[in-house]
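**Q** Protein sequences appear in the order of chains A and B.
Residues 263 to 591, numbered by my numbering, are exactly what the first sequence covers, in order.
Residues 467 to 754, numbered by my numbering, are exactly what the second sequence covers, in order.
Note that the Cβ used here is the ideal one computed from N, Cα and C, for glycine as well.
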Amino acid sequence: MPADSEIVVGVARQNRNELWRVMVPLIIVVALAILPLVAGTYVGGIVTEILVFSILAMSLNLLIGYTGLFSFGHAAFFSLGAYTLILLNTIFGLNAWIGLLAGVMVATVGAVAIGYLCIKVSGVSFFMLTLAFSQMLFSIAVKWRDVTGGSDGVGGLKRPFFFGLDMAAPLHTYYFALLVFLASFWAIKRLVASPLGHSFIGIRENEGRMRALGYPVQSYKLLSFVLGGMMAGLGGTAYAFLNGFVSPDAAHWSLSGEVLIMVILGGMGTLVGPVVGAAVYLLLKNIISTHTDHWMLIVGIIFIACVLLFRDGIYGSLSNLLARKWSRR
Amino acid sequence: MESLITHLLNGLVYSMLLFILSAGLSLIFGLMNVVNMAHGSFYMLGAYIGITVVAWTGNFWLAALVAPLVAGVVGAGMERIFFRPLYKRPDFDQIILTFGFTFVFIDVVKWIWGVDIQNLALPQSIGGGIQVFGAAFPLYRLVLIGVGLVLGLLVWLLLDRSRIGAMVRASVDDRAMAVGLGINVGRLFTGVFSLGVALAAFAGVIAGPIMSIYPGMDIDILIPAFIVVVIGGMGSLRGAFVSSILIGEVDTLGKAYFPSSAMFLIYLLMVTVLLLRPNGLFGIRDAR
């Protein structure tokens, strides 16, 4: 039986942990909120980009990290959202706020159609099939020049106003991205903690057992795929909303690959991992590339090290390390 | 009519390049269950090593010999050091590992050879043209078609008629049984990976005189090679051959006659095959 003093210490530690659990996210959110006011436009721009791509990385993480669906065509839904917003706005003059909703909806419908076909196969075939579908969209974006502008892309989004605020101002785009990011993060956090999220994890861990337990595994897979596609669509629409421009690069498989790298770098199957991964990747891309031409080499080596040695990614490995330290004390 | 023949022949040239590439890709997948995303990188590496060898010696054929050797050694080292620890992990880990290597390769190539678009000089002896059914056609491209066919035959003989080939086929069919029979599967893996990427590098060299060489050519060739392997059936040499010709011709003729929809149609074909026959047209086993 532990002595009273040990129990007191234990309770104190628990309280301290509880305190940290509330304080750390709060500090991060406050820091993000005041960051553009302190750090200036350049840093604000980079962080805006990180926030948007974090949404995309989190959505892919739902598939590969939580459900075990190794998609290599996630750019498809990003581009569907982005093109829908820009085209509706520039061709039909639709209000960009409504376009935002429409973009997410089109991406969701696309994810239902593509997901319905893709979940019929698994493993490498799933990987290849998702790749093929996204490249199909890429080929449409490149070749249907009259509408999509071909490889030059389309721009000229008529920027919306929000109660008189010009959304094109860097500060406003930053806060818009931050809000969309926080909402997405919260949604994923809730989803993963819900019974549905646990079913996804169950499929990742042991699909056969889930099936034997009577779970409709195919329906769950499709649902995960659609939710992931929907959030990727949100990321894409937000991206187009902020940049006012979209090109076929948004549908190319190398974007799917970049997002995959973000997820693995940060740590797949963790909430914060994809965000850390997106930040590390984009910071390397934006900052190291101004000092040396070899940022790809550095990214490649870190990535290979993560795959070989730090399977849980940067965030996952660090939090494991800290957890071990806590428990040892 | 003349232009049709030219297009058909050009399609066949592209087919043979795709075949040499995808034969290695398919072989590696069939044996090791690894989708080698760095396959295009070895193709690119081969082309650049070719540039250096030609610059030093002026001998194109020497380049076509040296580049695959270097690539083979690099590939063997890669398999030994980086892939070995991953065989007990899920297949996906190996795919993303090869993907990481594409970043390393493209940067090393930029570092050593620069970012400009380059070309390999055509050997003088076969620089001329020739009349084929009334259409003028460069001699080198005909040689390339022949080289592809001969190489395909050699790989087939190696796999189908040699002792090593029998061991490879046995390991593809049932890895555990092959180990039980005393086959050194580890060494076989190294050998097949090395051979596969050497073929890719060889394709890079012989493509050098007719296609431009630039950092990024790896990414541009990778997806067509994937499509060939998927349609032919992963792990099947025969499938790789047939679907190389299919894709090479459809792509070349499509670009000539239906430029706006050719790319879409090829992806549509890939999707259709994956949905209706996930093992490909000549698939020898479940694509896991």
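#1: With H, G and I counted as helix, E and B as strand and the rest as coil, what does DSSP make of Pro-604(B)?
#2: Where does Asn-650(B) land, buried or exposed, given buried means 16+ other C-beta within 10 angstroms?
#3: In whole angstroms, what separates the C-alpha of His-553(A) from that of Asn-585(B)?
#4: Rounded to whole angstroms, what's the CA-CA distance from Arg-756(B) to Leu-619(B)? Just pull it up for me.
#5: Since Val-694(B) and Ile-713(B) should fall inside the 8 Å C-beta cutoff, what is the C-beta to C-beta distance between them, to a whole number of angstroms?
#6: Is it true that the CB of Leu-533(A) sits closer than 7 Å to the CB of Ala-439(A)?
#7: What is the DSSP secondary structure of Asp-640(B), reduced to helix, strand or coil?
#8: Please list, in chain order, the residues of the stretch 513-532 of chain A that have any C-beta partner in chain B closer than 8 Å.
#9: Since Val-416(A) and Ile-348(A) are thought to touch, with beta carbons under 8 Å apart, how far apart are those beta carbons, to the nearest angstrom?
#10: How big is the Cα-Cα spacing for Ile-561(B) and Lys-420(A)?
#11: Output yes or no for whether 7 Å exceeds the beta carbon distance between Ile-689(B) and Phe-599(B).
#12: Just how far apart, CA to CA, sit Gly-698(B) and Arg-452(A)?
#13: Would you check if the distance between the CB atom of Gly-372(A) and the CB atom of Leu-342(A) is smaller than 7 Å?
#14: Can you say whether Tyr-733(B) is buried or exposed, counting buried as having 16 or more other CB atoms within 10 angstroms of its CB?
#15: So is Val-383(A) in contact with chain B if we call contact Cβ pairs under 7 Å?
#16: Do Ala-364(A) and Leu-350(A) have their beta-carbon atoms positioned less than 7 Å apart in this structure?
#17: Buried or exposed: where does Asp-686(B) fall if 16 or more other Cβ atoms within 10 Å of its Cβ makes it buried?
#18: What does DSSP give as the partner residues of Val-519(B) in its beta bridges?
#19: Taking the straight line between their C-alpha atoms, what separation do you get for Leu-496(A) and Gly-355(A)?
#20: May I have the straight-line CA-CA distance separating Val-479(B) from His-336(A), to the nearest angstrom?
#21: Could you give the distance in angstroms between the alpha-carbon of Arg-754(B) and the alpha-carbon of Phe-395(A)?
#22: Using the beta-carbon count (16 or more within 10 Å), is Ala-669(B) buried or exposed?
#23: Jot down the residue ranges of each uninterrupted alpha helix (DSSP H) in the stretch 469-493 of chain A, minimum 4 residues, whole runs only, in chain order.
#24: Find the nearest neighbour of Leu-654(B) within the set Val-739(B), Ala-666(B), Arg-641(B), judged by alpha-carbon distance.
#25: Does the beta-carbon distance from Asn-525(B) to Thr-564(B) come in below 7 Å?
#26: Please name the residue or residues paired with Val-621(B) in a DSSP beta bridge.
#27: Which of the three DSSP states, helix, strand or coil, is assigned to Gly-529(A)?
#28: From the DSSP output, which residues share a beta bridge with Gly-417(A)?
#29: Taking the alpha helix (DSSP H) that Gln-397(A) falls in, what are its first and last residues?
#30: Using a Cβ-Cβ cut-off of 8 Å (strictly less than) and excluding sequence neighbours within five positions of Val-609(B), which residues of its own chain qualify?
#31: Just list the residues that DSSP pairs Gln-427(B) with in beta bridges.
#32: Report the option in Leu-475(B), Leu-484(B), Ser-492(B), Ser-481(B) whose CA atom is closest to the CA atom of Leu-625(B).
#33: Could you pull the start and end residues of the beta strand (DSSP E) that Gly-595(B) belongs to?
#34: Provide the residue(s) that pair with Gln-584(B) in DSSP beta bridges, ordered along the chain.
#35: Which chain B residues are close to Met-472(A), counting only those with a beta carbon under 7 Å from its beta carbon?
#36: Using 7 Å as the limit for Cβ to Cβ distance, is Ala-337(A) near chain B?
**A** So, from the data block:
#1: Residue 604(B) sits at position 138 when you count from the first residue of the second sequence. Pro-604(B) falls in the strand class under three-state DSSP.
#2: Here the question's residue 650(B) lines up with position 184 in the second sequence. The residue in question, Asn-650(B), is exposed, as its Cβ has fewer than 16 Cβ neighbours within 10 Å.
#3: As a first step, residue 553(A) must be located in the first sequence, where it is residue number 291. As a first step, residue 585(B) must be located in the second sequence, where it is residue number 119. Near 30 Å, if we compare the C-alpha coordinates of Asn-585(B) and His-553(A).
#4: In the structure as shown, chain B starts at 467 and stops at 754, and residue 756(B) therefore has no counterpart that could be examined.
#5: One-based indexing of the second sequence puts residue 694(B) at position 228. One-based indexing of the second sequence puts residue 713(B) at position 247. Confirmed, about 5 Å.
#6: Numbered from its first residue, the first sequence carries residue 439(A) at position 177. Numbered from its first residue, the first sequence carries residue 533(A) at position 271. Going by C-beta atoms, Ala-439(A) is not nearer than 7 Å to Leu-533(A).
#7: Against the second sequence, residue 640(B) aligns to sequence position 174. Note: Asp-640(B) maps to coil in three-state DSSP.
#8: Trp-515, Ser-516, Gly-519, Leu-522, Ile-523, Ile-526
#9: On the first sequence, position 154 is the one that residue 416(A) refers to. On the first sequence, position 86 is the one that residue 348(A) refers to. Sure, about 5 Å apart at Cβ, within 8 Å.
#10: Counted from its first residue, the second sequence places residue 561(B) at position 95. Counted from its first residue, the first sequence places residue 420(A) at position 158. One C-alpha to the other measures close to 42 Å.
#11: If you number the second sequence from 1, residue 689(B) lands on position 223. If you number the second sequence from 1, residue 599(B) lands on position 133. No; because the gap between Cβ atoms is not below 7 Å, this pair is not in contact.
#12: For the purposes of this step, residue 698(B) is taken as residue 232 along the second sequence, with counting starting at 1. For the purposes of this step, residue 452(A) is taken as residue 190 along the first sequence, with counting starting at 1. Going from the Cα of Gly-698(B) to the Cα of Arg-452(A) covers about 44 Å.
#13: Taking the first sequence and counting its residues from 1, the one referred to as residue 372(A) is at position 110. Taking the first sequence and counting its residues from 1, the one referred to as residue 342(A) is at position 80. Yes. Within cutoff.
#14: Here residue 733(B) corresponds to residue number 267 of the second sequence, with the count starting at 1. Counting Cβ neighbours within 10 Å, Tyr-733(B) comes out buried, since at least 16 surround it.
#15: As a working note, residue 383(A) is residue 121 in the first sequence. At least one chain B Cβ lies under 7 Å of Val-383(A).
#16: If you number the first sequence from 1, residue 350(A) lands on position 88. If you number the first sequence from 1, residue 364(A) lands on position 102. Going by C-beta atoms, Leu-350(A) is nearer than 7 Å to Ala-364(A).
#17: Locating residue 686(B) in the second sequence gives position 220, where the first residue counts as 1. That one is exposed.
#18: The count along the second sequence starts at 1 and reaches residue 519(B) at position 53. BP columns for Val-519(B) are empty, so no partner.
#19: Residue mapping note: residue 496(A) aligns to position 234 of the first sequence, counting from 1. Residue mapping note: residue 355(A) aligns to position 93 of the first sequence, counting from 1. Roughly 20 Å separates the two Cα atoms.
#20: Locating residue 479(B) in the second sequence gives position 13, where the first residue counts as 1. Locating residue 336(A) in the first sequence gives position 74, where the first residue counts as 1. Spanning the two alpha carbons is a distance of roughly 33 Å.
#21: What you label residue 754(B) is simply residue 288 of the second sequence in a count that begins at 1. What you label residue 395(A) is simply residue 133 of the first sequence in a count that begins at 1. Any reading at Arg-754(B) must be qualified, since the residue scores a pLDDT of 38, below 50, and its modelled position is unreliable; the value itself is stated next. Rounded to whole angstroms, Arg-754(B) to Phe-395(A) spans 19 Å at the Cα level.
#22: Residue 669(B) sits at position 203 when you count from the first residue of the second sequence. So Ala-669(B) ends up on the buried side.
#23: 469-474
#24: Numbered from 1 along the second sequence, position 188 holds the residue referred to as residue 654(B). Among Val-739(B), Ala-666(B), Arg-641(B), the Cα nearest to that of Leu-654(B) belongs to Arg-641(B).
#25: As a first step, residue 525(B) must be located in the second sequence, where it is residue number 59. As a first step, residue 564(B) must be located in the second sequence, where it is residue number 98. Against a cut-off of 7 Å, the Cβ pair of Thr-564(B) and Asn-525(B) comes out as no contact.
#26: Locating residue 621(B) in the second sequence gives position 155, counting from the first residue. Beta-bridge pairing links Val-621(B) to no other residue.
#27: Position 267 of the first sequence, counted from the start, is the residue given in the question as residue 529(A). Coil at Gly-529(A), not helix or strand.
#28: Stepping through the first sequence from its first residue, residue 417(A) is reached at position 155. DSSP lists Phe-507(A) as partners of Gly-417(A).
#29: The residue you call residue 397(A) lines up with position 135 of the first sequence. It spans 386-405 - the alpha helix (DSSP H) in which Gln-397(A) sits, taken as one unbroken run.
#30: Translated into the one-based positions of the second sequence, residue 609(B) becomes position 143. Closer than 8 Å at Cβ, skipping near neighbours: Ile-592.
#31: The displayed coordinates of chain B run from 467 to 754. Any statement about residue 427(B) would go beyond what the structure contains.
#32: Locating residue 625(B) in the second sequence gives position 159, counting from the first residue. For Leu-625(B), the nearest C-alpha among the options comes from Ser-492(B).
#33: Working through the second sequence from its first residue, we reach residue 595(B) at position 129. Here the beta strand (DSSP E) through Gly-595(B) covers 595-598.
#34: Residue 584(B) sits at position 118 when you count from the first residue of the second sequence. Paired residues: Ile-679(B).
#35: For the purposes of this step, residue 472(A) is taken as the residue at position 210 of the first sequence. Per Cβ cutoff of 7 Å: no residues; Met-472(A) is ~17 Å from chain B at best.
#36: Walking along the first sequence from the start, residue 337(A) turns up at place 75. By this cut-off, Ala-337(A) is not an interface position.
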